[in-house]
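Asker:
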Amino acid sequence: MTSDKIGTAAGLLALPMLALGLFLGLIWAPPDAAMGDVQRLMYVHFPSWIATALGYLTAFVASVMYLVRRDIKWDHWAVAGAEIGVVFNVNGLITGSIWGRPTWGVWWTWDPRLTTTAIMLLTFVGYLVLRAFLDDPDRRARGAALVAIIGFINVPIVYFSVRWWRTLHQVQSSPNTVDPNMVVALRVMMVTFALIAVYLMTRRFRLAALEQESERIALAQEEQAGGV
Amino acid sequence: MTQVGYIVAGYSVTFIVVAGYTFLLIRRLRAARRGTGGV
Chain A
1 MTSDKIGTAA GLLALPMLAL GLFLGLIWAP PDAAMGDVQR LMYVHFPSWI ATALGYLTAF
61 VASVMYLVRR DIKWDHWAVA GAEIGVVFNV NGLITGSIWG RPTWGVWWTW DPRLTTTAIM
121 LLTFVGYLVL RAFLDDPDRR ARGAALVAII GFINVPIVYF SVRWWRTLHQ VQSSPNTVDP
181 NMVVALRVMM VTFALIAVYL MTRRFRLAAL EQESERIALA QEEQAGGV
Chain B
1001 MTQVGYIVAG YSVTFIVVAG YTFLLIRRLR AARRGTGGV
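See below:
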């Protein structure tokens, strides 16, 4: 029950933080000198990647822990992290596309950062699809853990893609070269999205535990019916 | 589209994706709790 309480606390804290972050991002922070007001999309775009990374990191660590310990609760955390990662990954791609149209002149381009990010999304969608196809809980947990571990290799590639290759996507900004008010707005929204991700992961973990219990009850009933 | 239009689109999408997923997750969680007698 501790994770439920942590999730509830994170969710409750996220609400005033969200209100503050929206005020800071939409009103308080100045418009960008080059991009103008459209830069305000960064206050939802970039925090989405923080939540995505948090989700996929959870899936990776939990998958490793499952393979080491073979405790099904780690599988529950893995699916929670992967699913929440996918939700914020989708949001990051869509908001990035909406920002890209007025800034780059295109909704989408096969730039290394965008391409590796799309591959990362497809990998973790594949992870969720694989889980849906496997009935046996142990096989499902083992197979999914391997996909999550292999899929997570792409996360640092996504991060460093803007440094390793010449891309249209800019490199990570430094707080030293950005207006301090923008930095504050961005950091408040980053913490807010991380809190929302924690809240959602604890709820998804609980759902996974309940689903497993349902499976166990259904299996026991089937065995009982077969034995009569 | 104007700059404000892009901002409205981006923030609206974020609201729909995050709030929509949260709503569906809570609904699934409630249904699962009913199904297992609230484990």
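Line order of the protein sequences matches chains A and B. Taking my numbering, the leading residue of the first sequence gets 1, the next gets one more, and so forth. Taking my numbering, the leading residue of the second sequence gets 1001, the next gets one more, and so forth. Backbone N, C-alpha and C define an ideal beta-carbon position, used for all residues, glycine too. In this text, all values refer to a predicted model and were calculated from it rather than measured experimentally.
Chain B partners of P251 (chain A), CB-CB under 8 Å?
Answerer: Only positions 1 to 228 of chain A appear in the structure, and residue 251 (chain A) is not among them; the question remains open.
Asker: Can you confirm whether E211 (chain A), when its beta carbon is compared against all beta carbons of chain B, has any partner nearer than 9 Å?
Answerer: At least one chain B Cβ lies under 9 Å of E211 (chain A).
Asker: Please report how far the alpha carbon of F124 (chain A) lies from the alpha carbon of R70 (chain A), in whole angstroms.
Answerer: Distance between the alpha carbons of F124 (chain A) and R70 (chain A): 21 Å.
Asker: Considering Cα atoms alone, identify which of A:G92, A:I98, A:V86 and A:T115 is closest to E128 (chain A).
Answerer: Reading the sequence as shown, one finds Leu at residue 128 (chain A) and not Glu. Checked all of A:G92, A:I98, A:V86 and A:T115; the closest Cα to L128 (chain A) is A:V86.
Asker: L22 (chain A) and Y43 (chain A): beta carbons closer than 9 Å?
Answerer: The answer is yes: Cβ separation under 9 Å.
Asker: Of the residues that make up the stretch 78 to 95 of chain A, which ones have a beta carbon closer than 9 Å to any beta carbon in chain B?
Answerer: The residues in question are E83, I84, V87, F88, V90, N91, I94 and T95.
Asker: By the three-class DSSP mapping on this structure, what secondary structure does G36 (chain A) have?
Answerer: Residue state, collapsed to three classes: strand.
Asker: What are the boundary residues of the alpha helix (DSSP H) that Q1003 (chain B) is part of?
Answerer: Start and end: Q1003 to G1035.
Asker: Three or more C-beta pairs closer than 8 Å, one from the stretch 166 to 178 of chain A and one from the stretch 96 to 111 of chain A: is that the case here?
Answerer: With a cut-off of 8 Å, the stretch 96 to 111 of chain A and the stretch 166 to 178 of chain A count as touching, because enough Cβ pairs lie within range.
Asker: Tell me the rounded alpha-carbon separation between V198 (chain A) and G11 (chain A).
Answerer: Between V198 (chain A) and G11 (chain A), the C-alpha separation is close to 8 Å.
Asker: Using a 10 Å radius around the Cβ and a threshold of 16 neighbouring Cβ atoms, would you call L1025 (chain B) buried or exposed?
Answerer: Result: buried.
Asker: In chain order, what residues of the same chain lie with their CB nearer than 7 Å to the CB of T116 (chain A), ignoring the 5 residues before and after it?
Answerer: Cβ within range, chain order: N154, I157, V158 and S161.
Asker: Closest by CA to G1010 (chain B), which one among A:P137, A:S48, A:M17 and A:D4?
Answerer: Nearest C-alpha to G1010 (chain B): A:S48.
Asker: Where are the alpha helix (DSSP H) runs, 4 residues long or more, that stay fully inside the stretch 131 to 180 of chain A, in chain order?
Answerer: DSSP runs (the alpha helix (DSSP H)) wholly in the stretch 131 to 180 of chain A: 137 to 152 and 154 to 164.
Asker: Would you grab the beta carbon distance between M190 (chain A) and I50 (chain A) for me? Rounded to a whole angstrom, and I think it's under 8 Å.
Answerer: That pair is a contact at about 5 Å.
Asker: I want to know whether the stretch 173 to 181 of chain A touches the stretch 213 to 225 of chain A - three or more CB-CB distances under 8 Å.
Answerer: They do not touch, by the three-pair rule.
Asker: Excluding the five sequence neighbours on either side, which residues of its own chain have a C-beta within less than 6 Å of the C-beta of M120 (chain A), listed in chain order?
Answerer: Cβ neighbours of M120 (chain A) beyond the five flanking positions: N154 and V158.
Asker: Three-state secondary structure (DSSP) at T109 (chain A)?
Answerer: Correct three-state label for T109 (chain A): coil.
Asker: CB-CB under 7 Å to G143 (chain A), same chain, minus the five flanking residues each way: which ones, in chain order?
Answerer: Once the five neighbours on either side are set aside, the close Cβ partners of G143 (chain A) are L130 and L134.
Asker: Using a threshold of 9 Å, state whether the C-beta atoms of D138 (chain A) and P30 (chain A) are closer than that.
Answerer: Result no, Cβ atoms of D138 (chain A) and P30 (chain A) do not sit closer than 9 Å.
Asker: Give a yes or no on whether the C-beta atoms belonging to A80 (chain A) and M201 (chain A) are separated by under 9 Å.
Answerer: Yes.
Asker: If distances are taken between C-alpha atoms only, which option among A:G126, A:A132, A:P102 and A:N89 comes closest to L114 (chain A)?
Answerer: The shortest C-alpha separation from L114 (chain A) is found at A:N89.
Asker: Which whole-angstrom value is the C-beta distance of L20 (chain A) and V147 (chain A), which I expect to be below 8 Å?
Answerer: Actually they are not in contact, since the Cβ atoms of L20 (chain A) and V147 (chain A) sit about 38 Å apart, beyond 8 Å.
Asker: To be precise: take each residue of the stretch 1011 to 1036 of chain B, compare its Cβ to all Cβ atoms of chain A, and keep it if any distance is under 8 Å. Which residues remain?
Answerer: Per Cβ criterion, the list reads Y1011, V1013, T1014, V1017, V1018, Y1021, T1022, L1025, I1026, R1028, L1029, A1032, R1033, G1035 and T1036.
Asker: So, are the CB atoms of Y1006 (chain B) and L41 (chain A) less than 9 Å apart?
Answerer: Yes. Within cutoff.
Asker: For a cutoff of 9 Å on Cβ pairs, would you count S3 (chain A) as touching chain B?
Answerer: It does not: the Cβ of S3 (chain A) has no partner Cβ on chain B nearer than 9 Å.
Asker: Rank A:L57, A:A141 and A:R140 by C-alpha distance to the C-alpha of I84 (chain A) and give the top, closest one.
Answerer: Checked all of A:L57, A:A141 and A:R140; the closest Cα to I84 (chain A) is A:L57.
Asker: Output the distance between the C-alpha atoms of F46 (chain A) and G55 (chain A), rounded to the nearest integer angstrom.
Answerer: Going from the Cα of F46 (chain A) to the Cα of G55 (chain A) covers about 15 Å.
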